[in-house]
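Peer 1: Handing you this structure, nothing more for now.
Residue numbers (my numbering): 86 to 223.
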């Protein structure tokens, strides 16, 4: 399996599909990378030689941020939003949608699993709170 930008590329797939395994490279970016490297998109990864892999790596390094660098930049942008106190930064900090989506009935992915509130009897609630405090101490 060849490694490009620190990621193992699957050998059995076509190169245009396999390059999307790299974080930050989608189908539209693949077209520009392969045209810059002068490689056919229908070629399988196992058919590539070392020179072609090196050309792909140079094309990616020259024009695209991928993997760790891209993740660091995104995290830096989010932390900048939080520090400046913007609305979007506050939504990121609270773990809620930042682009105006409704949260009353949706947003389960961002908010997590449903939590029932007020459906426990008093003694069950006390047991649960006691267990949580013991868990926090440990």
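Just so you know, even glycine gets a beta-carbon here, dropped at the ideal spot from N, CA and C.
Is the beta carbon of residue 92 less than 8 Å from the beta carbon of residue 106?
Peer 2: Yes, they are a contact pair.
Peer 1: Going by DSSP, name the residue or residues bridged to residue 93.
Peer 2: According to DSSP, which records beta bridges pairwise, residue 93 is partnered with 88.
Peer 1: Checking the sheet assignment: what are the DSSP bridge partners for residue 99?
Peer 2: Looking at the DSSP assignment, residue 99 forms a beta bridge with 129.
Peer 1: How many angstroms separate the CA atom of residue 129 from the CA atom of residue 98?
Peer 2: Whole-angstrom Cα-Cα distance: 6 Å.
Peer 1: Using only the alpha-carbon positions, how far apart do residue 192 and residue 126 sit?
Peer 2: Roughly 38 Å between the two C-alpha positions.
Peer 1: Which same chain residues, not among the five before or five after residue 197, have their C-beta less than 8 Å away from its C-beta?
Peer 2: Closer than 8 Å at the Cβ level, and outside the excluded window around residue 197, lie 180.
Peer 1: If contacts are defined as beta-carbon pairs under 8 Å, then residue 141 and residue 122 qualify, I think. What distance do you get, rounded to the angstrom?
Peer 2: Between residue 122 and residue 141 the Cβ distance is about 5 Å, and since that is below 8 Å, they are a contact.
Peer 1: Helix, strand or coil for residue 147, going by three-state DSSP, please let me know.
Peer 2: The answer is helix: DSSP assigns residue 147 an H, G or I state.
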